[in-house]
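Heads up, the sequence shown is in the numbering used here, so the first residue is 1454 and it goes up one at a time.
Think of the CB as a built atom: it goes at the ideal place given N, C-alpha and C, for glycine as much as any other residue.
In what follows, a single structure is set out as structure tokens and then discussed.
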Amino acid sequence: MSVTLVSSESSTIQLHDVIDYPEAGVLSKVLFKDKCCQYTLFCLAGGTEISEHASARNATINVIEGRGILTLKGSEISLTPGIFVFIPKHAPHALKAQENLAFLLTLSE
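In structure tokens form, the structure reads like this:
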């Protein structure tokens, strides 16, 4: 499910207020999207895995809460609150939520 939460008329949001963990799997909420960027809040239930894939756009992950492991080009990166990760376009990556995990994903040109 994808929901757009911020429009050009309302430009602020408190991320902790919109975190909503599913019982299983992934819930994503598009916060804002324009021609060059998309900002999406991802909420993963603990134990959820996202299989290896790649994106045609650069991406960043900024963890808000929870813990997980990001495998980026074969290397494991610990996802903890406050960490910022840059993922170059076409880089293979996968993710596992060790516990409920919320992060902001930004896709850019």
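| Item | Value |
| --- | --- |
| Just checking my contact of E1476 with A1498 at CB under 8 Å: how many whole Å lie between their CB atoms? | 6 Å |
| Do you know whose CA, among L1560, P1545 and S1561, lies nearest S1504's CA? | P1545 |
| Nearest to K1482 by CA position, among A1555, E1562 and S1561, is which residue? | A1555 |
| Helix, strand or coil for H1543? Go by DSSP, reduced to three states. | coil |
| Which whole-angstrom value is the C-beta distance of D1470 and C1496, which I expect to be below 8 Å? | Their Cβ separation, rounded to whole angstroms, is 12 Å, which puts D1470 and C1496 out of contact at 8 Å. |
| Tell me, which residues are paired with G1521 by DSSP? | L1532 and A1550 |
| Going by C-alpha distance, which of F1537, Q1467, G1500 and D1487 is nearest V1479? | G1500 |
| Of the choices S1561, F1539 and E1502, whose alpha-carbon is the least far from that of K1526? | F1539 |
| Can you check whether the CB of E1562 is closer than 8 Å to the CB of S1510? | In the sequence under discussion, the amino acid at residue 1510 is Arg, which differs from the Ser named in the question. Yes, the pair counts as a contact, with Cβ atoms nearer than the cut-off. |
| Within the continuous alpha helix (DSSP H) that includes D1473, where are the two ends? | No alpha helix (DSSP H) holds D1473; DSSP gives it neither H nor E. |
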